[in-house]
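Written below as structure tokens is the structure these notes are about.
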Amino acid sequence: MFDNNALLPLLFGDRDRHLERIEEKLGVEMVSRGNRLVINGSNAAAARAALQSLYESLKRGHEVDAASVDAALRHVEAGASERWEASDDIRTRKRRISPRGPHQADYIRALRSHDLVFGLGPAGTGKTYLAVATAVDMLMTGAVERIVLSRPAVEAGERLGFLPGDLKEKVDPYLRPLYDALHDMLPADQVAKRIETGEIEIAPLAFMRGRTLAHSFVILDEAQNTTPVQMKMFLTRLGENARMAVTGDLSQIDLPPGATCGLADALETLGHVDGVAVVNFDEGDVVRHRLVARIVKAYDERDRKREAKRAASRVKLDDERRSKP
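Positions in the sequence shown are counted from 1; adding 20 to them yields the numbering used here.
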């Protein structure tokens, strides 16, 4: 039973599409009777838990959409021990952001409590978005004095001279996702003003060399496209009272063939260093269109099959070599 009938249309969705999604996913049947909802099926408890989570989210002022429903279902599938609280929300000038899964909740907590956080996983899992949101929240509350956002411009090899326009026009296409995230958190005039005053800086990775970034929240996006030298250079920019988030997808490396991935190298070197947190996302955490998660899963399965086939071929070749006189 729900105590606020005004929230039920938002909870159930247009033409009950949210209920239909839960029915489809959990194999239950639901019938609404006023402010009561009758749930039948072996997964009735899970459906009830997902709906209660969504209802509490609505009571806190959040929107419930298709992605929210999928997140609640992932939450239920992860188990009751993987809950998150209102304190895990991120508040910015334009919106309040809640984690949409246990990994996102872990990530937000890590960003708030660790000096260096690696967020790893496929596109659409919120790695960069939540890092930017946390950075904006900390800037607004005075926990840091500025935000520094960076990406490697691998497609242009960080040699941008042949591209048309001034420097800003050359690098902006590579940094556009960071601008987009900022505009989701702050009014456009505030973004422009803070960029002008230097409170927010967006620059390609090559521009970080030789600097010490103190009292800042520093984010390196698309870190899988760094070399070990670039990664070490970036990580050692960390200054007094600074936080750093490094995000990347190790399945989407665009480095030249034979080049060592700086992100993979850093994880191997720093994974167990005190003060460093590593949060891994997977296709179940994708919060874009539902098809995106299925696309990511299909590619991952293909890659696993290819790797298994290559491994089998190597074993066969080794056996043939050993069998030769």
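Ideal Cβ positions, reconstructed from N, Cα and C, are used throughout, including at glycine. These numbers were taken from a predicted model, which means no experiment stands behind them.
Collapsing the DSSP output to three states places residue 136 in a strand. If the five residues before and after residue 267 are omitted, its C-beta is found closer than 8 Å to the C-beta atoms of 138, 139, 140, 147, 148, 151, 239, 240, 241, 242 and 243, all from its own chain and listed in chain order.
Between residue 205 and residue 153, the CB-CB gap stays under 8 Å. If you draw a straight line from the Cα of residue 81 to the Cα of residue 278, it comes to about 50 Å.
A Cβ-Cβ distance of about 12 Å is found for the pair residue 299 and residue 136, leaving them out of contact under the 8 Å criterion. Within 10 angstroms of the beta-carbon of residue 236 lie 16 or more other beta-carbons, which makes it buried.
In this structure, the CA atom of residue 113 is about 30 Å from the CA atom of residue 96.
DSSP, reduced to helix, strand and coil, places residue 163 outside both helices and strands of the structure shown, so it counts as coil. Residue 197 and residue 250 do not touch by the CB rule: their CB atoms are close to 19 Å apart, not below 8 Å.
Residue 31 sits in a helix when the DSSP states are folded into three classes. Boundaries of the beta strand (DSSP E) around residue 50: 49–53. By the CB criterion at 8 Å, residue 257 and residue 233 fall inside the cutoff. Cβ-Cβ distances below 7 Å link residue 30 to 78 and 84 in the same chain, with the five nearest sequence neighbours on each side left out; the list follows chain order. Residue environment for residue 45: buried (at least 16 other C-beta atoms within 10 angstroms of its C-beta).
Spatial neighbours of residue 169 in its own chain (CB-CB distance under 6 Å, excluding positions within 5 residues in sequence) are listed in chain order as 198, 222 and 239. Exposure of residue 216 is indicated by the presence of fewer than 16 other C-beta atoms within 10 angstroms of its C-beta.
If you draw a straight line from the Cα of residue 157 to the Cα of residue 164, it is about 9 Å long. Here DSSP, grouped into helix, strand and coil, assigns residue 315 to helix.
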